[in-house]
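Protein chains in written order, with our numbering: chain A, 3 to 298; chain B, 3 to 298. Ideal placement from N, C-alpha and C gives every residue a C-beta, glycine not left out. What follows is a single structure, written as structure tokens, with notes after it.
Number of protein chains: 2
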Amino acid sequence: MLGKTLLVAGLLIGLATPAPASPAPSMAQILAQSPPGDWRPVDPENTLYLNLAQGRVIIELSPIFAPNHVANIKRLVRAGFFDGLAIVRSQDDYVVQWGDAEAKRPLGGAQRALKAEFDRAYGAAEPFAPLPDPDTYAAQVGFAGGFPAARDPRSHRTWLTHCYGMVGAGRDNDADSGSGAELYAVIGQAPRQLDRNVTLVGRVVRGIDVLAAMPRGHGDLGFYQTAAERTPIISIKMAADLPPGERVKLQALRTDSPTFAALIHNRRFRKDDWYKTPAGRIDVCNMPLPMREARN
Amino acid sequence: MLGKTLLVAGLLIGLATPAPASPAPSMAQILAQSPPGDWRPVDPENTLYLNLAQGRVIIELSPIFAPNHVANIKRLVRAGFFDGLAIVRSQDDYVVQWGDAEAKRPLGGAQRALKAEFDRAYGAAEPFAPLPDPDTYAAQVGFAGGFPAARDPRSHRTWLTHCYGMVGAGRDNDADSGSGAELYAVIGQAPRQLDRNVTLVGRVVRGIDVLAAMPRGHGDLGFYQTAAERTPIISIKMAADLPPGERVKLQALRTDSPTFAALIHNRRFRKDDWYKTPAGRIDVCNMPLPMREARN
Numbered sequence: 003m004l005g006k007t008l009l010v011a012g013l014l015i016g017l018a019t020p021a022p023a024s025p026a027p028s029m030a031q032i033l034a035q036s037p038p039g040d041w042r043p044v045d046p047e048n049t050l051y052l053n054l055a056q057g058r059v060i061i062e063l064s065p066i067f068a069p070n071h072v073a074n075i076k077r078l079v080r081a082g083f084f085d086g087l088a089i090v091r092s093q094d095d096y097v098v099q100w101g102d103a104e105a106k107r108p109l110g111g112a113q114r115a116l117k118a119e120f121d122r123a124y125g126a127a128e129p130f131a132p133l134p135d136p137d138t139y140a141a142q143v144g145f146a147g148g149f150p151a152a153r154d155p156r157s158h159r160t161w162l163t164h165c166y167g168m169v170g171a172g173r174d175n176d177a178d179s180g181s182g183a184e185l186y187a188v189i190g191q192a193p194r195q196l197d198r199n200v201t202l203v204g205r206v207v208r209g210i211d212v213l214a215a216m217p218r219g220h221g222d223l224g225f226y227q228t229a230a231e232r233t234p235i236i237s238i239k240m241a242a243d244l245p246p247g248e249r250v251k252l253q254a255l256r257t258d259s260p261t262f263a264a265l266i267h268n269r270r271f272r273k274d275d276w277y278k279t280p281a282g283r284i285d286v287c288n289m290p291l292p293m294r295e296a297r298n
Numbered sequence: 003m004l005g006k007t008l009l010v011a012g013l014l015i016g017l018a019t020p021a022p023a024s025p026a027p028s029m030a031q032i033l034a035q036s037p038p039g040d041w042r043p044v045d046p047e048n049t050l051y052l053n054l055a056q057g058r059v060i061i062e063l064s065p066i067f068a069p070n071h072v073a074n075i076k077r078l079v080r081a082g083f084f085d086g087l088a089i090v091r092s093q094d095d096y097v098v099q100w101g102d103a104e105a106k107r108p109l110g111g112a113q114r115a116l117k118a119e120f121d122r123a124y125g126a127a128e129p130f131a132p133l134p135d136p137d138t139y140a141a142q143v144g145f146a147g148g149f150p151a152a153r154d155p156r157s158h159r160t161w162l163t164h165c166y167g168m169v170g171a172g173r174d175n176d177a178d179s180g181s182g183a184e185l186y187a188v189i190g191q192a193p194r195q196l197d198r199n200v201t202l203v204g205r206v207v208r209g210i211d212v213l214a215a216m217p218r219g220h221g222d223l224g225f226y227q228t229a230a231e232r233t234p235i236i237s238i239k240m241a242a243d244l245p246p247g248e249r250v251k252l253q254a255l256r257t258d259s260p261t262f263a264a265l266i267h268n269r270r271f272r273k274d275d276w277y278k279t280p281a282g283r284i285d286v287c288n289m290p291l292p293m294r295e296a297r298n
């Protein structure tokens, strides 16, 4: 057995009484003791449901980091732009991508190209909860608004990081050529070299396992070579546009909460019956970002 | 389009004449100009063929880092231990795992438990080609014998790192309970917290895309809940036990070669028509380890 208990949202609901206190509480115990104020509802106005035959993939958008791209994506979604399109690319250890591969479909009033939103001034993304450990790619890494992020104390700029499950807006060679009409999700080792080279717009908060298990494409860059290999997109909907009873009422652990700080400590100094040598460190892309479903 | 040209082994053979020299040669150009001595044959005595209906997965074992586990795995393979077993676990963003889930099959003379091989003295794994960039988890990271690795200049110990595609020997809570009869491969963000907690034995050098696209298991830790979900293992064979004509003649770029040093520089300062801001850094788990197939 290789020991790892990855947090699964649903497991938090109906969790049994925590075991008696021990010197190192488990992640589940820490979450079970979290006060309600350490959680935030995931805003239906910033939530996409990507509906596939395999299930529903839920994406939280980040208007803090990519306001113009997020607004444009919402326009595209509400115009039905994505409905009937497909997953067109699955490149192993990299990304899955979807959109209008032929770029023929009208954009329903959305922009065809936007100025890049690669980073933001500090003030736009406060509070920033820093990790204490060194990072290969950035002077400082941590979390802002529920997302993994990095920042540079010299330039006072901050940006989202390309961790597993992050969603970005594909672009052509021109930095200002993305629009959100072509989106990708990371399904492999964090391609951090993309940070500040492409606009990240959000994160898959449920269903990344569905995207990550898609058969790989065998064309260049993992594009599928035939239409038959593509997975059709039934529709993409804004959660806010569904009747409340049809929405998934997700709550995210606030990344500026004491509970999240305790979880970071727990994951850095992981010690249990299985782990022998705690790393004493954690990478920004290895930190679970807990979600749960609210009871009605 | 999201630009990334991931190295695919087969593409290197029959590569067209490189484009005219430019200030920043591409990875393909660097490889096309590599002298033969910068490549090493992958030793058939340390190569496993994991045969599945979906195709053949090729694993290179590392007797330098895990001599006893590798010897034991070879005994298991040659006794036919794995033939007819199955992939029993697929946990998203973590590992796929295979072996004898019921631990009922005779081991054919192999050991049932081995002393952990979590790390080695410096001398066992020379030369070590260090990366210049900071790492979250270790004092120094780099490459040794073709594998991603880390080391500690204070203790003079070195170890393999849990990057995408790395293969390890599952164990129970006892550090000395692994044997190689249960193996896993990493299919997500590098779980570096496992370094020095479990014995790594090698790396998938071809076919990790097949393992990574397996449907996820929905039991605890990603174990499949029914036998029908498991992918049968047709067989695992040592390459050396096949007639030469049936072997894949893989060559690996030597990680102590000038060509590999040039590639590291190329990937750290990646600049082309698409990339706008080179990271100037690279993570040990983001560095491609080029393989090619020798012409007969």
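Exposed unless 16 or more other CB atoms sit within 10 angstroms - verdict on residue i
i	result
residue 288 of chain B	buried
residue 82 of chain A	exposed
residue 36 of chain A	buried
residue 164 of chain B	buried
residue 284 of chain B	buried
residue 21 of chain B	Any reading at residue 21 of chain B is ruled out, since the residue's pLDDT is 42, under 50, leaving its predicted position unreliable.
residue 228 of chain A	exposed
residue 144 of chain B	buried
residue 57 of chain B	exposed
residue 274 of chain A	exposed
residue 297 of chain B	exposed
residue 38 of chain B	exposed
residue 198 of chain B	buried
residue 205 of chain B	buried
residue 190 of chain B	buried
residue 105 of chain B	exposed
residue 173 of chain A	buried
Cβ distance (whole Å) where residue i is taken to contact residue j below 8 Å
i	j	result
residue 131 of chain A	residue 262 of chain A	7 Å
residue 91 of chain A	residue 196 of chain A	In fact, because the Cβ distance is near 15 Å, the residues do not count as touching under 8 Å.
residue 154 of chain A	residue 140 of chain A	7 Å
residue 231 of chain B	residue 219 of chain B	7 Å
residue 249 of chain A	residue 27 of chain A	Not confirmed; about 32 Å, so no contact.
Sequence-distant residues of the same chain with beta carbon closer than 8 Å to residue i, five excluded per side
i	result
residue 85 of chain B	235, 236, 237, 238
residue 129 of chain A	146, 258
residue 260 of chain A	40
Within 8 Å, strictly: CB atoms of residue i and residue j
i	j	result
residue 252 of chain B	residue 293 of chain B	yes
residue 101 of chain B	residue 185 of chain B	yes
residue 183 of chain A	residue 109 of chain A	yes
residue 180 of chain A	residue 192 of chain A	no
residue 175 of chain A	residue 116 of chain A	no
residue 118 of chain A	residue 178 of chain A	yes
residue 89 of chain A	residue 240 of chain A	no
residue 167 of chain A	residue 200 of chain A	no
residue 151 of chain A	residue 127 of chain A	yes
residue 94 of chain A	residue 60 of chain B	no
residue 50 of chain A	residue 79 of chain A	yes
residue 286 of chain A	residue 162 of chain A	no
residue 112 of chain A	residue 158 of chain A	no
Partner residues on chain B for residue i, Cβ-Cβ distance less than 8 Å
i	result
residue 137 of chain A	136, 138
residue 57 of chain A	Per Cβ cutoff of 8 Å: no residues; residue 57 of chain A is ~11 Å from chain B at best.
residue 41 of chain A	Those do not exist, as residue 41 of chain A stays about 23 Å from chain B at its closest Cβ, beyond 8 Å.
Chain A residues whose Cβ lies nearer than 9 Å to that of residue i
i	result
residue 156 of chain B	In chain order: nothing, as chain A lies at least about 14 Å away.
residue 210 of chain B	94, 95
residue 147 of chain B	Within chain A, no residue comes near residue 147 of chain B; the closest Cβ sits about 21 Å away, beyond 9 Å.
Per-residue contacts from residue i into chain A (C-beta, under 8 Å)
i	result
residue 216 of chain B	215
7 Å CB neighbourhood of residue i in its chain, flanking five on each side removed
i	result
residue 203 of chain A	63, 64, 68, 71, 72, 75, 169, 170, 171, 182
residue 54 of chain A	212, 233, 235, 236
residue 135 of chain B	283, 284
Own chain residues within Cβ distance below 6 Å of residue i, not counting five before or after
i	result
residue 254 of chain A	42, 44, 148, 293
residue 194 of chain A	139, 164
residue 23 of chain A	Per-residue confidence for residue 23 of chain A stands at a pLDDT of 44, beneath the threshold of 50, marking its modelled position as unreliable; no derived number is given.
residue 257 of chain B	131, 145, 148
Contacts of residue i in chain A (Cβ-Cβ under 7 Å)
i	result
residue 278 of chain B	177, 199
residue 166 of chain B	95, 190, 191
Proximal chain C residues relative to residue i, where beta-carbon distance stays under 7 Å
i	result
residue 283 of chain B	Although the question refers to chain C, the structure presented lacks it and instead comprises the protein chains A and B.
Chain B residues whose Cβ lies nearer than 9 Å to that of residue i
i	result
residue 324 of chain A	Residue 324 of chain A lies beyond the residue range present for chain A, which begins at 3 and ends at 298; the question has no answer from this structure.
Listed by chain order, chain B residues near residue i by CB distance under 7 Å
i	result
residue 272 of chain A	195
residue 258 of chain A	Per Cβ cutoff of 7 Å: no residues; residue 258 of chain A is ~22 Å from chain B at best.
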